[in-house]
Amino acid sequence: MNRVANDHERAFELYCMALAESLSANDRDWLENHLVSCADCRMRNQHTQDAIAALKSVSIVAGDEVVQNTRRRVRELCMRGETLRRRMRPIWISSAFASLWMACTTPYLWQSFDLTGHWLHIPDLLWQMGFLVAWFTPALTGAAVALWLRPALTSGVREQAARAVA
Amino acid sequence: MFLAAARAMEWTLRENVEIARGLRRRDPELLDRLIERYQHRLLRYLVFLTGNRELAEDIFQETWIRVMERGTQYNGKAKFDTWLFAIARHLVIDWSRRKTAVSLEALQEQYGSEHAFDVPANSKSPFDAVTERENRENVEAALARLDTLHREVLVLRFHEELSLEEIATVTNSPLSTVKSRLYRGLASLKPAFSEEQL
Chain G
1 MNRVANDHER
11 AFELYCMALA
21 ESLSANDRDW
31 LENHLVSCAD
41 CRMRNQHTQD
51 AIAALKSVSI
61 VAGDEVVQNT
71 RRRVRELCMR
81 GETLRRRMRP
91 IWISSAFASL
101 WMACTTPYLW
111 QSFDLTGHWL
121 HIPDLLWQMG
131 FLVAWFTPAL
141 TGAAVALWLR
151 PALTSGVREQ
161 AARAVA
Chain A
1001 MFLAAARAME
1011 WTLRENVEIA
1021 RGLRRRDPEL
1031 LDRLIERYQH
1041 RLLRYLVFLT
1051 GNRELAEDIF
1061 QETWIRVMER
1071 GTQYNGKAKF
1081 DTWLFAIARH
1091 LVIDWSRRKT
1101 AVSLEALQEQ
1111 YGSEHAFDVP
1121 ANSKSPFDAV
1131 TERENRENVE
1141 AALARLDTLH
1151 REVLVLRFHE
1161 ELSLEEIATV
1171 TNSPLSTVKS
1181 RLYRGLASLK
1191 PAFSEEQL
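Protein chains in written order, with the numbering used here: chain G, 1 to 166; chain A, 1001 to 1198.
Here is the structure:
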């Protein structure tokens, strides 16, 4: 009795698997033989087939409005990103130049502070602190200016993108 | 036959790479084409997943914005639709978390009884129209009763025709889990549907 119930379960399991992927030759033969001899399983499989056909018949179509709104929003965001990138380009380029310049000149700046410190008999800690101030000041000033200019850089990006999309 | 399949695969791979390049550039033309191409499939998946059309439409928009923002993460190795569905799925999970639900199963309780799945009304004879309406109601009821995770696997397999491996990628689950969900989904769909038919 238990074995028969297990056979039905196995048949249904194999049938479900057959709907999703190919079965091994052994499993396929077993299923075919079982279905020939078992009317209940044949009917159960037919019901499953009907249910899948019904599921496939469900049609959901995206409305024009949703699609157009989505396209407009995505396009606007793309344009906004592009405008912002274009505006930020000079800042990135100048930052890159500044970094390169800093990398090249730092040893000379250090040496000049070192020489001046020894020449003027200034304590080491003092000229080293002076060096740090001189080293950080341009970067800090640049960052402050960038922050100050930021509203001007980003303003109008949204309007410009909207105009481009329209 | 084999040659044709190989060519189709090569074409798909090339197309995926093109999509990946376009997404990295945030090419608006490409995004436009993708939205046009996948609009119905994506919305259908979301409606099946959430059981709520309005919510699905909101997440539909968010999905495409996320595609634009995270375009650099798509490497072109996997199929684009698999990646797209995975993004949509994550957004649904995020939404359900925001609503203090724990996981996708919670959506079942919130929207399970609503009939959001519409079968299109074609111009048929009155008898066919009545039969079709009854059939539609049966399908809606059977789908609404299904557990979200099972419904998702059934839809991805039989509606979107993804392979089991692709479904595993979308749902971020092991292949054995996908198989088990498919089996359980079919097992629970069958009685619901056959009872409705009687």
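Cβ coordinates follow ideal geometry from the N, Cα and C atoms, glycine included.
Classify I60 of chain G as helix, strand or coil using the three-state DSSP reduction. I60 of chain G falls in the coil class under three-state DSSP.
Which chain A residues are close to C78 of chain G, counting only those with a beta carbon under 9 angstroms from its beta carbon? Taking a Cβ-Cβ cut-off of 9 angstroms, the neighbours of C78 of chain G in chain A comprise R1026, D1027, P1028, L1031, M1068, given in sequence order.
Alpha carbon to alpha carbon, how far is F1048 of chain A from R1151 of chain A? Give it in angstroms, no decimals. Near 7 angstroms, if we compare the C-alpha coordinates of F1048 of chain A and R1151 of chain A.
Taking the beta carbon of Q1039 of chain A as the centre, do at least 16 other beta carbons fall within 10 Å, making it buried, or is it exposed? Per the 10 Å Cβ criterion, buried.
If I'm right that H8 of chain G touches D40 of chain G with Cβ under 8 angstroms, what's the distance once you round it to whole angstroms? Right, their Cβ atoms sit about 7 angstroms apart.
Note down, in chain order, every chain G residue with its Cβ under 9 angstroms from the Cβ of Y1074 of chain A. Near Y1074 of chain A there are no residues of chain G at all, since even the closest Cβ is about 15 angstroms away, more than 9 angstroms.
Which residues, in chain order, does the stretch 1141-1162 of chain A contribute to contact with chain G at a C-beta distance below 8 angstroms? Within the stretch 1141-1162 of chain A, the qualifying residues are A1142, L1143, L1154, V1155, R1157, F1158, H1159.
So W1095 of chain A contacts chain G; which residues on that side make the cut at Cβ distance below 9 angstroms? Here the premise fails: no neighbours, minimum Cβ distance about 17 angstroms.
Leaving out five residues on either side along the sequence, give the residues of the same chain with a beta carbon under 6 angstroms from the beta carbon of W148 of chain G. Excluding sequence neighbours, W148 of chain G sits near nothing in its chain.
Find the nearest neighbour of Q1061 of chain A within the set G:V74, G:I52, G:K56, judged by alpha-carbon distance. If we check each option's Cα against that of Q1061 of chain A, G:V74 comes out closest.
Extent of the continuous alpha helix (DSSP H) run through R1089 of chain A: For R1089 of chain A, the enclosing alpha helix (DSSP H) starts and ends at 1080-1098.
Exposed or buried, what is D64 of chain G when buried is set at 16 or more other beta-carbons lying within 10 Å of its beta-carbon? It counts as exposed.
Going by DSSP in three states, L1162 of chain A sits in which element: helix, strand or coil? In this structure, L1162 of chain A counts as coil in the three-state DSSP scheme.
Anticipated Cβ contact below 8 angstroms, I1059 of chain A with T1072 of chain A, distance rounded: Actually they do not touch by this definition, with Cβ atoms about 22 angstroms apart.
Label P1028 of chain A either buried or exposed according to how many other C-beta atoms from any shown protein chain fall within 10 Å of its C-beta, with 16 as the threshold for buried. By the neighbour-count rule (16 or more Cβ atoms within 10 Å), P1028 of chain A is buried.
Status (buried if at least 16 other CB within 10 Å, exposed otherwise) for K56 of chain G: Counting C-beta atoms within 10 angstroms of its own C-beta, K56 of chain G has fewer than 16 neighbours from the protein chains shown and is therefore classed as exposed.
Using only alpha-carbon positions, find the residue among A:R1026, A:G1185, A:P1174 that is nearest to R1157 of chain A. The residue with the shortest Cα to Cα distance from R1157 of chain A is A:G1185.
I need the DSSP call for H34 of chain G, collapsed to helix, strand or coil. If DSSP states are grouped into helix, strand and coil, H34 of chain G belongs with the helices.
Kindly list the residues whose CB is nearer than 7 angstroms to the CB of A1088 of chain A, restricted to its own chain and excluding five residues on each side of it in sequence; keep chain order. Answer for A1088 of chain A: L1042, Y1045, L1046, I1059, T1063, listed in chain order.
For L1186 of chain A, would you say it is in contact with chain G, using Cβ-to-Cβ distances shorter than 8 angstroms as the test? So, interface residue.
Inter-residue spacing [alpha-carbon to alpha-carbon] between H1115 of chain A and L1189 of chain A: Any reading at H1115 of chain A must be qualified, since the residue scores a pLDDT of 48, below 50, and its modelled position is unreliable; no value is offered.
Distance, Cα to Cα, D50 of chain G vs I1167 of chain A? Rounded to whole angstroms, the separation of the alpha carbons of I1167 of chain A and D50 of chain G is 23 angstroms.
Near-chain A residues of the stretch 63-93 of chain G (beta-carbon distance less than 8 angstroms), N- to C-terminal order: Going along the stretch 63-93 of chain G in chain order, one finds G63, V66, V67, N69, T70, R71, R73, V74, R75, L77, C78, M79, G81, E82 with a Cβ nearer than 8 angstroms to chain A.
Rounding to the nearest angstrom, what Cα-Cα distance links V66 of chain G and A1056 of chain A in this structure? Each residue's CA atom was taken as its position, placing V66 of chain G and A1056 of chain A some 11 angstroms apart.
With DSSP run on the structure shown, which of helix, strand or coil describes N1052 of chain A? Of the three classes helix, strand and coil, the one that applies to N1052 of chain A here is coil, per DSSP.
For V1155 of chain A, count neighbouring Cβ atoms within 10 angstroms of its own Cβ and tell me buried if that reaches 16, exposed if not. Counting Cβ neighbours within 10 Å, V1155 of chain A comes out buried, since at least 16 surround it.
Rounding to the nearest angstrom, what Cα-Cα distance links I122 of chain G and S112 of chain G in this structure? Near 13 angstroms, if we compare the C-alpha coordinates of S112 of chain G and I122 of chain G.
Counted within 10 angstroms of its Cβ, other Cβ atoms place R86 of chain G as buried (16 or more) or exposed: When all chains shown are included, R86 of chain G counts as exposed.
Taking only three categories from DSSP, how would you classify K1179 of chain A? K1179 of chain A: helix per DSSP, three-state reduction.
Could you tell me if Y1074 of chain A is buried or exposed, where buried requires 16 or more neighbouring beta carbons within 10 angstroms of its beta carbon? Classification for Y1074 of chain A: buried.
Between R71 of chain G and I1065 of chain A, which are expected to be in contact by the criterion C-beta below 8 angstroms, what is the C-beta distance as a whole number of angstroms? The beta-carbon distance between R71 of chain G and I1065 of chain A, rounded to whole angstroms, is 11 angstroms. This is too long to meet the 8 angstroms contact definition.
Going by CA-CA distance only, name the one from G:Q128, G:W92, G:D124 that's closest to T106 of chain G. Checked all of G:Q128, G:W92, G:D124; the closest Cα to T106 of chain G is G:Q128.
Please decide whether L35 of chain G counts as near chain A, where near means a Cβ-Cβ distance under 8 angstroms. For L35 of chain G, the closest Cβ of chain A is not nearer than 8 angstroms.
Under 8 angstroms: do the stretch 83-99 of chain G and the stretch 137-147 of chain G share three or more Cβ pairs, one atom per stretch? Verdict: yes, contact present.
Is any heavy atom of the ligand NAP found at a distance shorter than 7 angstroms from the C-beta of V1067 of chain A? Because no ligand of any kind appears in the structure shown, any question about the ligand NAP cannot be addressed here.
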